[in-house]
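Worksheet: the structure to be examined is printed underneath.
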Amino acid sequence: MVDKNYRTIDKQIKQPSDDILALFLISILRFNLENDILIRDTPFIDSTIINRKSCFRELFYICNLKYPYLLNHSHILLWHRIATGHMNTKLNNNEQTVPLLLSDSAVLLLRIMLSLPYLITKELYRVIVQVLFNLTYIQALFTIISEMNKTEQEIWSRISTDKTKNTMSEYLRMISSKLFQSNFNSNIDNTKISSLESINALIRERCGNFIKIAALIQHYLYQSITWWIPDHHLHFDHLSKNLINELQLYNNDEPYWFSNDSLLIINNWLDEVLILDKQQSILKIIHAIPVFHSPQFIELPTCYSDLFRSCNHRRCSYCQELIIEPILCLICGIVYSQERTKKQCCDQQTRFNQEHLLLCSGNLNISININSTKTLIQREKRYTYWISLYLDQHGEEDLNLRRGRILYLDKNRLKLLYSAWISSNLDQLINRWSTDPFDF
Ligand SMILES: [Zn+2]
Ligand SMILES: [Zn+2]
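Sequence positions in the sequence shown follow the numbering used here and run 642 to 1081.
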């Protein structure tokens, strides 16, 4: 898979640099982890699809083999910045680095993991996760405080804390004070002051994605997390508390630091950002939490006759001809014409169909052929007809509506198709793809 995709990059960029290859390998792993999280977070998943064996371990092994850097100069400096907070002084002038508080810690985790020999010990993995969790935690707090106005920052900068302890309120005091002095705040005119409880809840929310990614990597590479099962929905707080325990991230209710002087590290991370004179751009970057929503099918009516009525007798929006063979896209809901008859619809419709396949779903489309009731699955130019989502009261299909039975939406088939689609597992459902290209 990596080789195949690498050749795809190769076609577009004649000589992809090592940096591009590294980014590409990280993005493959990241995609798989995010997809897994999405499946775990999505209700209505079919167990036969999700209980398949994951290939993440093998994929990680291949990416690790192909990763172009083995703990080189830049990775050592990166680790140094994360673990000790010391800024890079040995970088060449043309080497630019992203401040750590603006970096994606899940990507940093994968970058460090891939630069190490396969497979580091679980103890070492936990050290890396802990150090990156501390960064994620401070990123969250930095974001929350930068969203405050100047007055609120000033209030928090004066709270009395035990300065000898690494506690959230001490970090809050220190970061507020620094941002207040640097005039780094939002201009919102708001008299409401956050409570420590609400700040803690926001930190948990903003750290959620990193904790899930780190826990999944641990699950695949080191130790199965048997209780975190897809379709068993746990309240977010409960889930994140259990995952934090699983990763052993906290020590006496506060994140554990390997350095004796966490405030110095945080101070250095802040300096990396505050030295930049781009406050508005920084605020935009840090406020956005990457949230991936599960893709959904359109809502289908229970009775096929309702679907048939709503899709039939439609006209082509370009040439106004009656659409003889309507296809309903289950992803965006448009009805388009598939003309395999001699009487072709217009060229604009053909072009639109080809563009729709690409733009609606990135060349993997699922739709219903309204006349036959079958499910049409297209992947680029290949296609196949899968069984119908609508059955009569005896559980039988009525292809091409020959028998005139009343058909009802079958929830189990819909669940199976949806689960295979969002888990990139359609091949498990499909016995054979057509060898002919799809006739638009
Ligand atoms: Zn569509
Ligand atoms: Zn037309």
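Ideal Cβ placement from N, Cα and C applies to all residues, glycine included.
Return helix, strand or coil for residue i, following the three-state DSSP convention.
i	result
I870	coil
V768	helix
Q989	helix
L963	strand
S787	helix
N892	strand
K983	The predicted position of K983 is uncertain, since its pLDDT is 47 and thus under 50; no value can be drawn from it.
K1056	helix
V914	helix
Y977	strand
Q864	coil
Y898	For clarity, residue 898 is Trp in the given sequence; the question names Tyr instead. Note: W898 maps to coil in three-state DSSP.
Y710	coil
R1073	coil
K1015	strand
S1029	strand
Q908	Reading off the sequence shown, one finds Asn at residue 908, where the question assumed Gln. Three-state DSSP puts N908 in a helix.
R752	helix
L732	Interpretation of L732 is limited by its pLDDT of 49, a score under 50 that renders its predicted location unreliable; no figure is taken from the coordinates.
Y759	coil
Please tell me whether residue i and residue j are closer than 9 Å, where the distance is taken between their beta carbons.
i	j	result
L1048	C944	yes
E675	I854	yes
R671	A781	no
Y708	S658	no
L948	R956	no
Q979	N953	no
S835	E793	yes
N883	D830	no
L749	L741	yes
L1050	L1070	no
W1074	Y1031	no
E1021	N994	no
S798	S827	no
C973	S946	no
L1028	Q1019	Looking at the sequence itself, residue 1028 is Ile, so the reference to Leu does not match. For I1028 and Q1019, no; Cβs fall outside 9 Å.
E788	L924	yes
I678	F933	yes
Q859	K763	yes
Q989	Y959	yes
I906	N775	yes
Q1034	L890	no
T738	L719	yes
L875	L1055	no
M728	E996	no
Excluding sequence positions up to five away, which residues of its chain have a Cβ less than 8 Å from the Cβ of residue i?
i	result
I800	S810, L813 and R814
Y861	S695, F697, R698 and F701
N673	F697 and L700
N841	M809
N1012	E966, P967, N1041 and L1042
V976	C952, R955, I964, P967, I968, L969, C970 and I1011
With a threshold of 6 Å on Cβ separation, who are the neighbours of residue i within its own chain once the five nearest residues in sequence on each side are excluded?
i	result
I753	I769
Y766	none
L843	I785
L732	The predicted model places L732 with a pLDDT of 49, which falls under 50 and marks its position as unreliable, so this point remains unresolved.
K819	L911
I927	T784
T683	S935
R1046	D1033 and D1039
T802	S810, E811 and R814
If I'm right that residue i touches residue j with Cβ under 8 Å, what's the distance once you round it to whole angstroms?
i	j	result
K1015	L1040	7 Å
I686	P871	5 Å
C704	T777	Incorrect: roughly 22 Å between the Cβ atoms, too far for contact.
L888	A856	6 Å
F938	Y1026	At roughly 17 Å, the Cβ-Cβ gap does not stay under 8 Å, so F938 and Y1026 are not in contact.
I667	L751	5 Å
A663	F899	That pair is no contact at about 26 Å.
Excluding five sequence neighbours on each side, which residues of the same chain lie with their C-beta closer than 7 Å to the C-beta of residue i?
i	result
W910	G726, L741, L742 and I779
L904	M815
L915	S823 and F825
S881	R845, G849 and I852
I796	I834
L998	N1004, N1006 and Q1019
N807	E895, W898 and S903
Looking at chain D, is there any beta carbon in it that lies within less than 9 Å of the beta carbon of residue i?
i	result
D830	The structure shown contains no chain D; it is built from a single protein chain.
Exercise for the section: May I ask you to verify whether the region 1055-1065 touches the region 690-706, counting CB pairs closer than 8 Å and requiring at least 3? Expected result: yes
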